[in-house]
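*Asks:* Quick one: the structure is below, and I'll ask about it shortly.
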Amino acid sequence: GDSVTQMEGPVTLSEEAFLTINCTYTATGYPSLFWYVQYPGEGLQLLLKATKADDKGSNKGFEATYRKETTSFHLEKGSVQVSDSAVYFCALNSGGSNYKLTFGKGTLLTVNP
Amino acid sequence: DSGVTQTPKHLITATGQRVTLRCSPRSGDLSVYWYQQSLDQGLQFLIQYYNGEERAKGNILERFSAQQFPDLHSELNLSSLELGDSALYFCASSDTGLGNIQYFGAGTRLSVL
Chain A
19 GDSVTQMEGP
29 VTLSEEAFLT
39 INCTYTATGY
49 PSLFWYVQYP
59 GEGLQLLLKA
69 TKADDKGSNK
79 GFEATYRKET
89 TSFHLEKGSV
99 QVSDSAVYFC
109 ALNSGGSNYK
119 LTFGKGTLLT
129 VNP
Chain B
229 DSGVTQTPKH
239 LITATGQRVT
249 LRCSPRSGDL
259 SVYWYQQSLD
269 QGLQFLIQYY
279 NGEERAKGNI
289 LERFSAQQFP
299 DLHSELNLSS
309 LELGDSALYF
319 CASSDTGLGN
329 IQYFGAGTRL
339 SVL
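Residue numbers (the working numbering), protein chains in the order written: chain A, 19 to 131; chain B, 229 to 341.
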């Protein structure tokens, strides 16, 4: 079945540091890939997505590239801010007759001033 | 604000009891998804409804059931509650014709004592 593996946290960085959160997946067919972010006490918000190989999703300075050859979708940001502190989830869906999301376990990011 | 409304925000109840969680999807969205977020299992898909009909089932216990009403709001019913059912329950909605993006509510935190 579908699965998502993302790097274990927590990750602690200083402001303006470079961020990478690794994500790899196993899926049948050609899944769509997502990064969601969960701020403390809130629901999940879509951060970015990519629907086919070599697509790059980007939003708010975050980027991730759909790499079919390595089944990866790593999240990167060049310079993190304190306000980026949150839990980040990598997710996929394989489409078909439903669009359920399969999530990784989440990575807690803390950015210190 | 995602446009998805979940009530109540918090629910505290005892083992053996039954509760109902409610979700109003974004205007125009026909699909509703329910997810459970717990510390040990992470985020898991429970069930999907599309325009009033069950579309897909995930790791949903037999003690749990859901339905989607003609006005498209959905309810998740949890019965014979156990301590292990304590979790955050999220509802998401989507228009499946728009790239699989799911919009999440803020969640209902269920505590079973």
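The beta carbon of each residue, even a glycine, is placed where N, CA and C say it ideally should be.
Going along chain B, which residues have a C-beta under 7 angstroms from serine 50 (chain A)?
*Replies:* Those are Asn328, listed as they occur along chain B.
*Asks:* Can you grab the Cα-Cα spacing for the pair histidine 238 (chain B) / alanine 294 (chain B), in whole Å?
*Replies:* Cα-Cα distance, rounded: 19 angstroms.
*Asks:* Tell me whether glycine 270 (chain B) sits in a helix, a strand or coil according to DSSP, three-state version.
*Replies:* Glycine 270 (chain B): strand per DSSP, three-state reduction.
*Asks:* Within 8 angstroms (strictly less), CB to CB, does phenylalanine 121 (chain A) reach chain B?
*Replies:* So yes, phenylalanine 121 (chain A) belongs to the interface.
*Asks:* Identify the contact partners of glycine 124 (chain A) in chain B, using a Cβ-Cβ distance below 7 angstroms as the criterion.
*Replies:* Within 7 angstroms Cβ-Cβ: Gly270.
*Asks:* Could one say the Cβ of serine 255 (chain B) lies closer than 8 angstroms to chain A's Cβ atoms, at least one of them?
*Replies:* It does not; no Cβ of chain A falls within 8 angstroms.
*Asks:* Since serine 230 (chain B) meets chain A, which of its residues come closer than 8 angstroms, beta carbon to beta carbon?
*Replies:* Near serine 230 (chain B) (Cβ distances below 8 angstroms), the residues of chain A are Gly61 and Gln63.
*Asks:* With tyrosine 43 (chain A) as the anchor, note down where its beta strand (DSSP E) starts and where it stops.
*Replies:* Tyrosine 43 (chain A) -> beta strand (DSSP E) spans 41-44.
*Asks:* Which term fits lysine 74 (chain A), buried or exposed, when burial requires 16 or more other beta carbons within 10 angstroms of its beta carbon?
*Replies:* Lysine 74 (chain A) should be labelled exposed.
*Asks:* Going along the chain, which unbroken runs of the beta strand (DSSP E) with 3 or more residues stay wholly within the segment 54-95 of chain A?
*Replies:* List check, beta strand (DSSP E) in window: 62-68, 74-77, 80-83 and 93-95.
*Asks:* Which value, in whole angstroms, describes the spacing of the CA atoms of lysine 78 (chain A) and serine 50 (chain A)?
*Replies:* Taking the straight line joining both Cα atoms gives about 20 angstroms.
*Asks:* Can you give the beta carbon distance from leucine 62 (chain A) to phenylalanine 107 (chain A), rounded, assuming they're within the 8 angstroms contact cut?
*Replies:* 7 angstroms between Cβ atoms; contact.
*Asks:* On the three-pair Cβ rule with 8 angstroms, is the segment 301-320 of chain B touching the segment 256-275 of chain B?
*Replies:* Taking 8 angstroms as the limit for Cβ pairs, the verdict is that the segment 256-275 of chain B does touch the segment 301-320 of chain B.
*Asks:* For the putative contact between lysine 86 (chain A) and glutamine 276 (chain B), defined by C-beta atoms under 8 angstroms, what is the C-beta separation to the nearest angstrom?
*Replies:* No, lysine 86 (chain A) and glutamine 276 (chain B) are not in contact; Cβ-Cβ is about 26 angstroms, not under 8 angstroms.
*Asks:* So phenylalanine 318 (chain B) contacts chain A; which residues on that side make the cut at Cβ distance below 9 angstroms?
*Replies:* Chain A residues near phenylalanine 318 (chain B): Gly61 and Leu62.
*Asks:* Under a three-way DSSP split, which group does serine 307 (chain B) fall into?
*Replies:* Three-state result, serine 307 (chain B): coil.
*Asks:* Which word fits arginine 291 (chain B), buried or exposed, when buried means at least 16 other C-beta atoms lie within 10 angstroms of its C-beta?
*Replies:* Answer is exposed; the Cβ neighbour count stays below 16.
*Asks:* By alpha-carbon positions, which one of B:Val340, B:Ser339, B:Leu338 and B:Gln330 ends up nearest to glycine 256 (chain B)?
*Replies:* Considering only alpha carbons, the answer is B:Gln330.
*Asks:* Is it true that the segment 90-108 of chain A meets the segment 38-53 of chain A, where meeting means three or more beta-carbon pairs spaced less than 8 angstroms apart?
*Replies:* Yes: at least three Cβ pairs fall under 8 angstroms.
*Asks:* Just to confirm my understanding: we take proline 298 (chain B), look at its own chain, exclude 5 residues before and 5 after, and list those with CB closer than 8 angstroms. What are they?
*Replies:* Once the five neighbours on either side are set aside, the close Cβ partners of proline 298 (chain B) are Gly280.
*Asks:* Comparing alpha-carbon positions, which option in B:Ser321, B:Ser302 and B:Gly312 lies nearest threonine 243 (chain B)?
*Replies:* Looking at the Cα atoms, B:Gly312 is the closest of the given residues.
*Asks:* Would you give the residue range spanned by the beta strand (DSSP E) that alanine 293 (chain B) belongs to?
*Replies:* Looking at the sequence itself, residue 293 (chain B) is serine, so the reference to alanine does not match. Unbroken beta strand (DSSP E) run through serine 293 (chain B): 292-296.
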